[in-house]
Amino acid sequence: CGKAATECEQKAAKVANVAATSKLLPARNTLLEASKKMKQEKSNLDELQSRLTAAKDAALEEHQTEVKQLEEAKAQAYMEQCIGKATEAVKGAEATIQEVAEKSKECSVEFMKDMPAADMEALMKLSQSAKDMVQSAQ
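This note's numbering applies: residue 3 is where the sequence shown begins, and numbers increase by one.
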């Protein structure tokens, strides 16, 4: 057993001596330096990729926020336009109703008997128009 241990120690010394004096030693050191640089560059690339991903996510979120705000502004403008149209329709209906009410005050049963058919028809059309405007405004 002692002989085997001695031979093992001699073999280890011989291998260590060969590694220290080997022609490949300078290439080994160069490769180790290159490997170290590659690991550092990979680390830098990983960091850059994570920053890029974070910036992309932030830009996407900002874009979605802007799109939502634009859609809300568009809906608000449409709503205001509809309210404006409805307000105008109501004002028109009120004016027509007021006109019909004033003309109907002037019209007594006896006055209507003597009213020409064309005037009676015009009054009926005006009344129907007022009724339609009210329904449309609602």
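Ideal placement from N, C-alpha and C gives every residue a C-beta, glycine not left out.
Compute the Euclidean distance between the alpha carbons of residue i and residue j, then round it to the nearest angstrom.
| i | j | result |
| --- | --- | --- |
| methionine 122 | cysteine 84 | 35 Å |
| lysine 133 | alanine 95 | 8 Å |
| alanine 57 | serine 45 | 18 Å |
| methionine 40 | asparagine 31 | 14 Å |
| threonine 8 | glutamate 49 | 52 Å |
| leucine 34 | alanine 6 | 34 Å |
| lysine 76 | aspartate 59 | 26 Å |
| glutamine 141 | proline 28 | There is simply no residue 141 to check, as the chain begins at 3 and stops at 140 in what is shown. |
| lysine 93 | glutamate 68 | 37 Å |
| lysine 38 | lysine 16 | 29 Å |
| threonine 89 | leucine 54 | 52 Å |
| glycine 4 | glutamine 12 | 12 Å |
| alanine 36 | glutamine 42 | 10 Å |
| leucine 62 | glutamine 51 | 16 Å |
In this structure, how does DSSP classify residue i when only helix, strand and coil are distinguished?
| i | result |
| --- | --- |
| proline 28 | helix |
For residue i, which of the options has the nearest alpha-carbon?
| i | options | result |
| --- | --- | --- |
| lysine 87 | Gln42, Met135, Lys44 | Met135 |
| alanine 103 | Thr89, Met81, Gln130 | Gln130 |
Does any heavy atom of the ligand SAM sit closer than 6 Å to the C-beta of residue i?
| i | result |
| --- | --- |
| methionine 40 | The model depicted lacks the ligand SAM and carries no ligand whatsoever. |
Segment contact flag, the stretch 56-72 with the stretch 92-104, C-beta cutoff 8 Å, min 3 pairs: no
Whole alpha helix (DSSP H) elements within the stretch 19-98, 4-residue minimum: none
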